[in-house]
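What follows is one structure encoded as structure tokens, with my remarks underneath.
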Amino acid sequence: MRKVVWKRDAIHNGNLVVVNAGYPFREGKNRGNLVAVNRQERHVLLDSRAAGMLAGLMEGLGGWEQIAAVSGWRSMREQQEIYAGSLKENGADYTRRFVALPNHSEHQTGLAIDLGVRQGRIDFICPEFPCTGICREFRKRAASFGFVERYPEGKEHVTGIAHEPWHFRYVGTSHAEIMDRHGMVLEEYMDFLKQYPYGKECYCYRTQERDIWVSYLRAEKEGDTCLELEEGAVYSASGNNMDGYIITVWNP
Ligand SMILES: [Zn+2]
Numbered sequence: 394m395r396k397v398v399w400k401r402d403a404i405h406n407g408n409l410v411v412v413n414a415g416y417p418f419r420e421g422k423n424r425g426n427l428v429a430v431n432r433q434e435r436h437v438l439l440d441s442r443a444a445g446m447l448a449g450l451m452e453g454l455g456g457w458e459q460i461a462a463v464s465g466w467r468s469m470r471e472q473q474e475i476y477a478g479s480l481k482e483n484g485a486d487y488t489r490r491f492v493a494l495p496n497h498s499e500h501q502t503g504l505a506i507d508l509g510v511r512q513g514r515i516d517f518i519c520p521e522f523p524c525t526g527i528c529r530e531f532r533k534r535a536a537s538f539g540f541v542e543r544y545p546e547g548k549e550h551v552t553g554i555a556h557e558p559w560h561f562r563y564v565g566t567s568h569a570e571i572m573d574r575h576g577m578v579l580e581e582y583m584d585f586l587k588q589y590p591y592g593k594e595c596y597c598y599r600t601q602e603r604d605i606w607v608s609y610l611r612a613e614k615e616g617d618t619c620l621e622l623e624e625g626a627v628y629s630a631s632g633n634n635m636d637g638y639i640i641t642v643w644n645p
């Protein structure tokens, strides 16, 4: 067996962090590099791994010709400005529905992107991203590149955010596919995984090539959390930004 030890802070890092009204964004030490998502919108930045997967998705679709990257990573300050600007321009009700409070926006993680149909005028807060044409094709392929529609219709009571068909979140391929299969949003998925405590149970996701085992490890209340793995196991781990870690093990 080999041991991996995490400091308490590590629960705030990784592709599966939940950032919403209840769980603020915490700047992690291990955030990936931010890179431009494409050549047209060099100011729109994303975590490098998420950007790479998005590039792959778009390449297969010829997507950037018809789809624009509207908003990616945001600093705390930028989120504050967007929030204040929207309050002034659109009022409190609209802003509460569509703009997360500063420090509670997923955009601060670098794992979220707003996309819109490339056209003359693109609404920055609510870009058009319909369920037809190329946007439909994008949605169909999104999970196999690790992206989920983060704020779907009918889940407003869970996410706390209105239906936002333009907002996509990178969570990694296996997790996006599992969430898609069960129709779960990230908050629900994190709850769901709690029934699979690491070392006792795991959720098995089968693909053609391999089995993927997903489980939840509760972080120690104080101090380090220790993970024991079989020798040679291929795994990844992400904090949930709440109280623990999601452990993913690949069985070749
Ligand atoms: Zn967004």
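Last residue of the sequence shown: 645 in this note's numbering, with the numbers rising by one and none dropped. No residue lacks a Cβ here, since even glycine has one placed at the ideal position from N, Cα and C.
Query raised in the report: Taking the Cβ atom as the reference point for each residue, do M469 and Q501 lie within a distance shorter than 9 Å?
Result: The answer is yes: Cβ separation under 9 Å.
**Report entry** Whole-angstrom distance between G592 and H497, CA atom to CA atom
**Finding:** 32 Å
**Report entry** Top-ranked residue by Cα proximity to M635, from K587, I475 and Y598
**Finding:** K587
**Report entry** Local Cβ density within 10 Å of K481, reported as buried at 16 or more and exposed below that
**Finding:** Using a 10 angstroms sphere on the CB of K481, the tally of other CB atoms stays under 16, which defines it as exposed.
Query raised in the report: Mind pulling the alpha helix (DSSP H) runs of 4 or more residues that sit fully within the segment 445 to 525?
Result: 469 to 483 and 485 to 491
Query raised in the report: What are the complete alpha helix (DSSP H) segments, minimum 4 residues, inside the segment 542 to 614?
Result: Taken in chain order, the whole alpha helix (DSSP H) runs of length 4 or more contained in the segment 542 to 614 are 549 to 552, 566 to 575 and 579 to 586.
Query - Burial state of N633 (16 or more Cβ within 10 Å) - result: It counts as buried.
Query raised in the report: Roughly how far, in whole angstroms, is the beta-carbon of D617 from the beta-carbon of W399, given that I think they are within contact range, below 8 Å?
Result: So it is a contact: roughly 6 Å between Cβ atoms.
Query - Inter-residue spacing [alpha-carbon to alpha-carbon] between S479 and D486 - result: 10 Å
Query - Beta-bridge pairing of N395 - partner residues as DSSP gives them - result: Sequence inspection shows Arg at residue 395; the Asn mentioned does not correspond to that position. Answer is L622.
Report task. Could you tell me whether any non-hydrogen atom of ligand 1 is closer than 8 Å to the CB of H550? Result -> no
Report task. Output the residues surrounding ligand 1, defined as those with a CB atom closer than 5 Å to any ligand heavy atom, in chain order. Result -> D507 and H560
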